[in-house]
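Novice: Numbering (the numbering used here), first residue to last: 389 to 511. Quick one: structure below, then a few questions.
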């Protein structure tokens, strides 16, 4: 087999949405750009990070799914989310940044469907 045929381009996760419209607004509000939408799937990205939001919901899947977003400045992300009042606006959980034993500072953001995001930076 030719090794060049094994090159990859991208990997994306499909995130469930309990309420597709609310979830789309949530992700745009926290800083992602919706690049396309069709057939019950919306493509979101920020810089070189992307995911697909689907108009599909399974509670067990959503509440057991964890996404990690590595950022350059975790405190700037947290401050931005706090200033946008994300917790109250979308009734979601947002924790304070905390130093972790795995040499990161991160915080938790729960999306409106129950998907847990760990947003962090290396230290």
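C-beta: ideal position from N, C-alpha, C; glycine also.
Indicate whether the contact test is met: 3 or more Cβ pairs, each with one atom in the stretch 421–428 and one in the stretch 471–486, closer than 8 Å.
Specialist: Too few Cβ pairs lie closer than 8 Å, so no.
Novice: Drop a sphere of 10 angstroms on the beta-carbon of residue 436, count the other beta-carbons inside from all chains shown, and report buried for 16 or more, exposed for fewer.
Specialist: Result: exposed.
Novice: Counting beta carbon pairs with one atom in the stretch 479–489 and one in the stretch 438–450, are three or more of them shorter than 8 Å?
Specialist: The stretch 438–450, when compared against the stretch 479–489, does not touch it at the 8 Å Cβ threshold.
Novice: Around the C-beta of residue 388, are 16 or more other C-beta atoms found within 10 angstroms, so that it is buried, or is it exposed?
Specialist: Residue 388 lies beyond the range of the chain shown here (389 to 511); nothing can be said about it.
Novice: From residue 494 to residue 454, what distance separates their C-alpha atoms?
Specialist: Between residue 494 and residue 454, the C-alpha separation is close to 13 Å.
Novice: Please go through the stretch 413–461 and give each complete alpha helix (DSSP H) segment of 4 or more residues, from N-terminal end onward.
Specialist: Fully enclosed alpha helix (DSSP H) runs of 4 or longer: 447–450.
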